[in-house]
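Sequential numbering of the sequence shown, starting at 2, is according to the numbering used here.
Every residue gets a Cβ at the ideal spot worked out from N, C-alpha and C, and that includes glycine.
Here the structure is a predicted model, which is why all the values come from computation and not from measurement.
Read through the structure below, which is laid out as structure tokens, and then see the notes.
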Amino acid sequence: MDLKLNFNWFDGLQWLRGYWLHIFFWLIFGVVIAFFSLVFIGLVLYGAQDSYWALFQNPEFRFALEFTLKTTFIATALAAGTALPCGYILARHSFPGKVVLDTLLDLPLILPPLVSGMALLILFGPILGRDLAKIGLNIVFSAGGVIIAQWFVAFPFAVRTFKEAFAAIDLRYEKIARTLGCSPAEVFKRVTLPMARRGIGAGIAMTWARTLGEFGATAMLAGVTRMKTETLSAAIFLNMSIGEIRFALTIAIVLFLTAMLVLTVFKILTRQEQR
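This is the structure we're talking about:
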């Protein structure tokens with residue numbers, strides 16, 4: 002019996018030697034998941050003591066919510082409208098300098114938002130500000146500045162996702178449509194867009210989520226003025242700076258739950274696209 006136990010113990014060691022790497026990976030995975038869960042569960046539980054109904058009755062929150070929804074929807078529409086042709090060109094065409102231009106469009110993903118905001122401030126301030134003011138366009142410290150900042154930082158999310166969606170389409174379908182007499186515009190409308198629709202939808206969802214959480218570039222270009230250029234992210238900053246931690250925390254939870262919903266939709270769409 003002792004020999005049998007020793008034999009089983011030896012088999013267990015052999016099994017561990019073969020799977021130690023997988024066990025290590027699962028251990029790291031579990032630790033990371035536990036940490037992220039604690040971070041967000043703590044946020045929700047700590048802020049659950051406040052009344053969300055009272056939050057929605059607050060004039061500042063209602064303004065920030067309405068202003069955020071308006072600016073993010075406009076910025077997302079602009080990002081989708083401009084990323085669609087850019088993503089298609091990057092996915093289907095080769096041309097000199099493509100890598101450089103592709104990298105240029107990715108820069109807002111890597112740059113700190115404050116740097117992006119500073120670059121936009123210089124462009125619409127010292128460089129173009131005076132000429133734009135002559136035709137009645139004031140971008141700096143305005144709602145227009147909020148939209149431009151949101152569009153600038155979110156555009157790479159849209160163009161990356163759109164590019165991948167177009168690149169995943171088999172060109173044979175488009176060639177067949179061409180042989181059947183469809184023009185290039187008809188092929189794009191009837192074949193390419195329908196086949197890429199889930200990827201495009203996922204890109205729009207991620208783009209809107211990015212605009213929703215934007216703060217750094219917006220603060221640099223449009224400022225953080227209460228009841229004027231106050232987005233939800235700006236409302237968190239303003240209220241934290243004056244000690245209204247509970248109010249800021251409740252807004253943060255609203256943003257967190259919204260982000261969870263958007264990411265869930267994104268995961269569902271991308272999984273269906275892969276199938």
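Residue 59, DSSP secondary structure in three states
Taking the first residue of the sequence shown as position 1, residue 59 is located at position 58. Here residue 59 sits in coil by DSSP.
Rounded to whole angstroms, what's the CA-CA distance from residue 99 to residue 209? Just pull it up for me.
Position 98 of the sequence shown, counted from the start, is the residue given in the question as residue 99. Position 208 of the sequence shown, counted from the start, is the residue given in the question as residue 209. For residue 99 and residue 209, the distance between alpha carbons rounds to 27 Å.
Suppose contacts are defined by Cβ-Cβ distances below 9 Å. Is residue 237 in contact with residue 249 by that definition?
Counting from one through the sequence shown, the residue named residue 237 turns up at place 236. Counting from one through the sequence shown, the residue named residue 249 turns up at place 248. Yes, they are a contact pair.
Mind reading off the beta-carbon distance from residue 345 to residue 217? Whole number of angstroms is fine, and I expect it under 8 Å.
Missing from the structure shown is residue 345; the chain here goes from 2 to 276 and no further.
Is the beta carbon of residue 142 less than 9 Å from the beta carbon of residue 226?
Translated into the one-based positions of the sequence shown, residue 142 becomes position 141. Translated into the one-based positions of the sequence shown, residue 226 becomes position 225. Their beta carbons are under 9 Å apart, which means residue 142 touches residue 226 by this criterion.
To test your reading of the DSSP string, which unbroken alpha helix (DSSP H) runs of 4 or more residues are found completely within the region 153-214?
172-180, 185-188, 198-214
Give the DSSP-derived three-state secondary structure of residue 114 in the structure shown.
Counting from one through the sequence shown, the residue named residue 114 turns up at place 113. Here residue 114 sits in helix by DSSP.
Presumed contact (8 Å Cβ cut-off) between residue 72 and residue 148, rounded CB distance:
Residue 72 sits at position 71 when you count from the first residue of the sequence shown. Residue 148 sits at position 147 when you count from the first residue of the sequence shown. The Cβ separation is near 5 Å, so the contact holds.
Buried or exposed: residue 191, going by 16 or more other Cβ atoms within 10 Å of its Cβ?
Along the sequence shown, read from residue 1 onward, the residue named residue 191 stands at position 190. When all chains shown are included, residue 191 counts as exposed.
Report back the beta-carbon spacing between residue 37 and residue 257 to the nearest angstrom; my notes put them in contact at under 8 Å.
For the purposes of this step, residue 37 is taken as the residue at position 36 of the sequence shown. For the purposes of this step, residue 257 is taken as the residue at position 256 of the sequence shown. That pair is no contact at about 12 Å.
Proximal residues to residue 168 (C-beta, below 6 Å), its chain only, five neighbours per side dropped:
On the sequence shown, position 167 is the one that residue 168 refers to. Once the five neighbours on either side are set aside, the close Cβ partners of residue 168 are 92.
I'd like to check one pair, residue 146 with residue 230: are the Cβ atoms closer than 9 Å?
One-based indexing of the sequence shown puts residue 230 at position 229. One-based indexing of the sequence shown puts residue 146 at position 145. Yes; because the gap between Cβ atoms is below 9 Å, this pair is in contact.
If you drop the 5 nearest sequence neighbours on each side, which residues of the same chain put their C-beta closer than 7 Å to that of residue 228?
As a first step, residue 228 must be located in the sequence shown, where it is residue number 227. Cβ within range, chain order: 61, 64.
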